[in-house]
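Quick notes on the structure that follows.
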Amino acid sequence: MAREEIIVIGGGIGGLTAGAMLAQSGKSVTILEASREWGGCAGKFQRHKFLYASGATLGMGLEKGGIHERIFRHLGIKTDAVRLENVMKIKQADRTLTFYADRRKHVQAMQHAFPSHSDNIAAFYQEVYQQAAKIRLLMKKLPILPVKTGKEAYELLTSLQPAHVTLTPGFFKTVHSLLKKHHLLDCRDFVHFLDGQLIDSMQTTTKDCAMLMGVLALDIYHEGAYYVPGGLYRFAEELVEAAKRNGAKAILGRRVTEVRKAGDRYEVEDHRGNIRTADHVICNAPIQALPQIMHQDLYELLSPGLKKRSNEDTWGTMTLYISLDETHLPDDFPLFQQLMNPGTHSHDEGNHLFLSISAQDDRKRAPEGFRTLTVSTHINLDNWKTKSQYDFNKAAFIDKMLNTIRHYYPTIDQAIVDLYPGAPKAWERFPHRPGGVVGGFAQTRSHSLFLSLSHRTSLKNFWLCGDSVFPGGGTIGVSVSGYHCYHSITGRRLIQ
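Numbering (the UniProt record's numbering), first residue to last: 1 to 496.
Right, dumping it as structure tokens:
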């Protein structure tokens, strides 16, 4: 019997996870990546003697039982990573907070920082951690949401335990409602701190973040946060090698231009005119790419909800890639940190920066005495549509971001060796994110859990993975969606 043939469109972490696992299961797999780098938003690029992490930088899910640890163990992958006790620093004007990996130490630090709300903060985190523990127990079997088939419903139901009944009210609430319950809304700087954690992981703030997703995000760093030498692109490279070991073809520089039906199979054409056929197609591109890469007749067969969302923008990002002479950096410059524009409490439009710097001994990123820094902020793509808007915003955001860094690190200009801006068109050109969209949909009540997009589409054997679908963005989220494609195609489960 001929092996089922599968084409994976997009070599981000989600697509590579699906491809590597399917190849190991005996399927004939071809992975097509449009760019010259693996990893998508967790990729890299080289300029002279410096290597820059293009997007995702903080490693998670590597702890025992974490999604990456389970997938890598399943595939025989070994990773080099350093677990962080101090996950990141958060600087808000004249206040500096530390996110500690240890839960008790973290809560005590928050109580010390906001003594007038000490008891409320303790009660808030107690509920956050209790709820998150129940959700993790439920997610251990990686049930699929939203439920589309009887088998998926059965797997969800068999994952449930009596304790999970208490999670039901949380489906209709936000993190804001949890803060209100614990009388913390007037503790503005604490809310501000939580907003910073959620905007980076959930693409939204406490006001709108779905409560169950939010508590999981606020707890996830305590499960394990890691520095990965070189960067998270190494996850991608390991997954590619695992796929190849099991016979997969993994091809860079192959941009898919059209997917069409050919009888019971699919035809996938790339920009060079090569046509490949397959029994299954897994699309790891953002759903905003579907109108461009699917034949019109095929696209029209998608569900109305999926077509509607494929025409919606998500957040964009403005990123600065900087090489630094470390002699001009303070000794306590953290590996990961968030910086807030000191003149505002808003996290929108460049007021909130996430910084990640290479470790002093990371020779994969920079030569001795130098380091590379990735600085990113959320932007509203609606404000970047015309050329005049784009040119103005690009220059304005570079200045705004650098001025915020200068406020906290006055000698930063002396340290800068090179600086490369990554505006939306860079994200469109290199990792091929349509219009520069990144991060997937904000995890609000209307876009999460049972109201998120499934990896399963209305087209037989046409699947989705990546940050557009459940459970959302980040390397953990996209890996789960890649696993769901594997599980639905093969019926096999990930080892515990």
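We put the beta carbon where it would ideally sit given N, CA and C, even for glycine.
Because the structure is a prediction, the values reported are computed rather than measured.
query	result
C-alpha distance - PHE430 paired with ALA423, whole-angstrom precision	11 angstroms
THR57 versus PRO367 - alpha carbon distance	19 angstroms
Through-space distance from VAL8 to ASP219, alpha-carbon basis	32 angstroms
Backbone secondary structure at TYR483 - three-state DSSP	helix
When GLY10, ARG47 and LEU298 are compared against TYR420, the one with the closest alpha-carbon	ARG47
Per-residue burial, ALA289 [other beta carbons within 10 Å of its own, 16 or more giving buried]	buried
GLY59 vs TYR321 beta-carbon contact at 8 angstroms	no
Contained alpha helix (DSSP H) runs [length at least 4] in the segment 19–103, N- to C-terminal order	67–75
Range of the contiguous beta strand (DSSP E) that encloses ILE251	249–252
Secondary structure, beta strand (DSSP E): runs of 3+ residues fully inside the segment 429–494	462–464
Opening and closing residue of the beta strand (DSSP E) in which PRO421 lies	416–422
Residue nearest to GLU5 in terms of C-alpha spacing, selected from VAL478, GLY473, ASP467 and PHE462	PHE462
Backbone CA spacing between MET110 and LYS64 [nearest angstrom]	27 angstroms
Segments of 3+ residues assigned as beta strand (DSSP E) that fall wholly inside the segment 327–414	336–340, 352–357 and 370–379
7 angstroms CB neighbourhood of LEU145 in its chain, flanking five on each side removed	LEU449, PHE450, SER452 and PHE470
Beta-carbon spacing of LYS134, LEU157 below 8 angstroms	no
Minimum C-alpha distance to ILE121 - residue among LEU184, GLY26 and GLU238	LEU184
Spatially closest choice to ASP362 from PHE354, PRO330, PHE392 and GLU326, by CA coordinates	GLU326
Cβ-Cβ distance between GLY350 and PHE397 below 8 angstroms	yes
Same chain, Cβ closer than 8 angstroms to LEU84, five either side skipped, listed in chain order	ALA101, ALA225, TYR226, TYR227, LEU335 and PHE336
Alpha-carbon to alpha-carbon, ARG188 and MET117	According to the sequence shown, residue 117 is His rather than Met. For HIS117 and ARG188, the distance between alpha carbons rounds to 11 angstroms.
Residue from THR457, GLU300, ASN284 and PRO229 with nearest C-alpha to CYS41	ASN284
Own chain partners of GLU238 with C-beta closer than 6 angstroms, once the 5 adjacent residues on each side are dropped	ILE77
Residue 539 classed as buried or exposed, judged by whether at least 16 other C-beta atoms fall within 10 angstroms	Here the chain has residues from 1 to 496 only, and residue 539 is not among them.
Cα-Cα separation between GLY273 and ASP279, rounded to whole angstroms	20 angstroms
6 angstroms Cβ shell around MET21 - same chain, five flanking residues per side excluded	TYR486
ILE287 (DSSP reduced to helix, strand or coil)	helix
Proximity to VAL375 [Cα-Cα], best of LEU381, SER388, SER356 and ASN393	SER356
Residue from ILE13, ASP119, SER25 and PRO162 with nearest C-alpha to ARG245	SER25
Pair within 8 angstroms by beta-carbon distance, PHE171 and THR314	no
Identity of the residue in VAL437, ASP200 and SER468 nearest HIS352 by Cα	ASP200
For THR257, three-class secondary structure by DSSP	strand
C-beta atoms of LEU381 and VAL437 nearer than 8 angstroms	yes
THR257 vs ILE287 beta-carbon contact at 8 angstroms	no
Residue of VAL165, LEU306, SER177 and TYR52 minimising C-alpha distance to ALA210	SER177
With 16 other Cβ atoms within 10 Å as the buried cut-off, status of GLN389	exposed
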